[in-house]
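Following: one structure in structure tokens, then a few remarks.
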Amino acid sequence: MDMALSMGVALGMMGFIAVALAVVLAWGGKRFEVETDPRIADVEAALPGVNCGACGFAGCAGYADAIVNGGAALTLCAPGGAKSARAVAAVMGVAVNAAEPKYAVLACQGNDVALRFRYDGVPDCRAAAIAGIGGGAKECRYGCLGYGTCAKSCPFGAITMTADRMPVVDETKCTGCGRCAQTCPRSLFAVGPESRVIHVKCKNCDKGAVVNKMCIHGCFACGKCVRECPFDAIHVVNNLAVIDYDKCKLCGKCVLVCPRNVIVNLRARRQERKREREAAQTPASGGHA
């Protein structure tokens, strides 16, 4: 009987302590609760949820918090583009000018570079780059390795691989998120604004005689582009033509004199797509009988 009474008292005390602790925790939670601005959730919902980090913050949630609490710019979301920027602006109750679209450009055209050896390892560019003491299987140690890691990493399906294992960027799908640039072990992708239409499609820094033996599409530092540019905007640096976009006026003269078509002009293609995009965004005018 005494044992049963003791157990009852013990259980009762335990129940009392549990209830007391629950009350204290509930009070403490309410007392020290950190209020969250409801706009953070609304801003995050207006973003595409890709969590690519291209905005410079830790995913969409981090960017949403930075917008509401840190005054971050509303146009940093490359995947969401103008649509997300307008939606975020509506949540914040401000006006916003749409950011210029950005696209990824591949700096390689070497689809027929000879192999140094046969690579039978993991079909991933990062793994293949380590093979052969860091040089990869191809003769060119600067060019595309061709295993499509960039295509696999793209969350928008904007990169496809050709039959000769070269990546092709579909700018109608590309959002400029930069995931491909982060993934490529050769740093062959550069993300830039739509208006930046002149690009050097090579990264090979070997001497011209070496380049000539391995790739018919490579820059061999002839210097014609340097001599032709009226704005001193392109120079041969470490055996490779490099454009200074702070000086470049996008005149395209360097494109015309490049004997290997290493320097390309994307103006016509992008202008056409821009017109199509603007036409699609313009509501059709309806007539009345």
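Numbering (the working numbering), first residue to last: 28 to 316. For glycine and all other residues, C-beta sits at the position ideal for the given N, C-alpha and C.
Asked, Found
"Of the listed residues V224, M119 and G98, nearest to L133 (C-alpha basis)", "V224"
"N- and C-terminal bounds of the alpha helix (DSSP H) containing Y169", "No alpha helix (DSSP H) contains Y169, which DSSP labels as neither H nor E."
"Spatial distance of G205 from V50 (CA atoms)", "50 Å"
"Residue interval of the alpha helix (DSSP H) (run including K129)", "No alpha helix (DSSP H) contains K129, which is instead part of the beta strand (DSSP E) from K129 to L133."
"Per DSSP, cross-strand counterpart(s) of V269", "H262"
"Distance CB(C252)-CB(C285) smaller than 7 Å", "yes"
"Backbone secondary structure at M41 - three-state DSSP", "helix"
"Separation of T309 from E303, as counted between CA atoms", "10 Å"
"Among E166, M188 and C104, the one whose alpha carbon lies nearest that of Y174", "M188"
"Cβ contact check for the stretch 104 to 117 and the stretch 73 to 87: 3 or more pairs under 8 Å", "yes"
"Assigned exposure category for K200 - 16 Cβ within 10 Å defines buried", "exposed"
"Extent of the continuous beta strand (DSSP E) to which V326 belongs", "Residue 326 lies beyond the stretch modelled for the chain, which goes from 28 to 316, so this question has no answer here."
"Reference V140; option with closest CA among R254, L293, N78 and C242", "C242"
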